[in-house]
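With my numbering applied, the sequence shown covers 28 to 213. Ideal Cβ placement from N, Cα and C applies to all residues, glycine included. One structure is given here, and the rest of the page talks about it.
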Amino acid sequence: DLIVAEPVQEEIGTEGRAAQWGFELEGNDDGRGHVNFTDDADAVVGRTSLRFTPDPYPGQYATAIFPRGRDADWDFSAKTKVRFWIKATNPNLPGFQNPGPVLWLYGKDSAAKIEPAKGRNLFSDLPFSEARWTWMSVEVPFRTVDGWKRQDSGKTDLRHVRGLGIGLDSWGNDPFTVWIDGLSVE
């Protein structure tokens, strides 16, 4: 398959930065769950993508967070969306569940959760059939618009975003793998 991508001015965390990612796992009460991050040569933009696998996976949402310490101070006030490429392999049947992928914008004492509206999961409701095995482009708007829903916990100030998160929830407890590339804010 041929993938055509628009140029990305500035990638955030997906070009050789796997060691700077962190994670949250819902349902990880015993603390055994872990997410492995790796730079992968399978990329759409630049030389590498980010590959992550929750293993062991406790079920529920697995969220990859950049930077790990949520200590950035990005000004996204003049921006309107986050754009990235994503693909996944998931041995759990029937695959992913609940809304996803979910974008998180982390503030100092706040978080904005932006997810596909009406419980939609882009891996269940594919925009094209080849997205079952290849890269899919995703654009997530900062504000609630048709097809997307935003929920804020506290007041998230787009002038001071401290981190970004991308989360998915799968049926079953077997590890799955997600690739993200070309993560940018426009």
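Any idea if residue i is buried or exposed, counting beta-carbon neighbours within 10 angstroms, 16 or more meaning buried?
{"i": "residue 146", "result": "exposed"}
{"i": "residue 48", "result": "buried"}
{"i": "residue 36", "result": "exposed"}
{"i": "residue 178", "result": "exposed"}
{"i": "residue 136", "result": "exposed"}
{"i": "residue 114", "result": "buried"}
{"i": "residue 197", "result": "buried"}
{"i": "residue 180", "result": "exposed"}
{"i": "residue 206", "result": "buried"}
{"i": "residue 58", "result": "exposed"}
Between the options, which lies nearest to residue i when the distance is taken from Cα to Cα?
{"i": "residue 108", "options": "119, 88, 130", "result": "130"}
{"i": "residue 56", "options": "116, 118, 158, 84", "result": "84"}
{"i": "residue 86", "options": "210, 192, 117", "result": "117"}
{"i": "residue 211", "options": "201, 168, 196, 173", "result": "168"}
{"i": "residue 81", "options": "166, 176, 164, 193", "result": "193"}
{"i": "residue 166", "options": "67, 75, 121, 208", "result": "208"}
{"i": "residue 29", "options": "158, 188, 173", "result": "158"}
{"i": "residue 104", "options": "185, 134, 51, 65", "result": "185"}
For the beta strand (DSSP E) containing residue i, list its first residue and its last residue.
{"i": "residue 292", "result": "Because the chain in this structure spans residues 28 to 213, residue 292 falls outside the shown range and cannot be described."}
{"i": "residue 53", "result": "Note, residue 53: premise wrong, no beta strand (DSSP E); not H, not E."}
{"i": "residue 76", "result": "76-81"}
{"i": "residue 62", "result": "62-67"}
I need the DSSP call for residue i, collapsed to helix, strand or coil.
{"i": "residue 151", "result": "coil"}
{"i": "residue 36", "result": "coil"}
{"i": "residue 91", "result": "strand"}
{"i": "residue 46", "result": "helix"}
{"i": "residue 29", "result": "coil"}
{"i": "residue 135", "result": "coil"}
Q) What beta strand (DSSP E) runs, 3 residues minimum, are completely inside the stretch 142-203? A) Every unbroken stretch of the beta strand (DSSP E) spanning 3 or more residues and falling wholly within the stretch 142-203 is given here in chain order: 163-168, 175-180, 190-197.
Q: Please list the segments of the beta strand (DSSP E) lying wholly inside the stretch 94-128, counting only runs of 3 or more residues, in order along the chain.
A: Those beta strand (DSSP E) runs which fall completely within the stretch 94-128 and span 3+ residues are 108-116.
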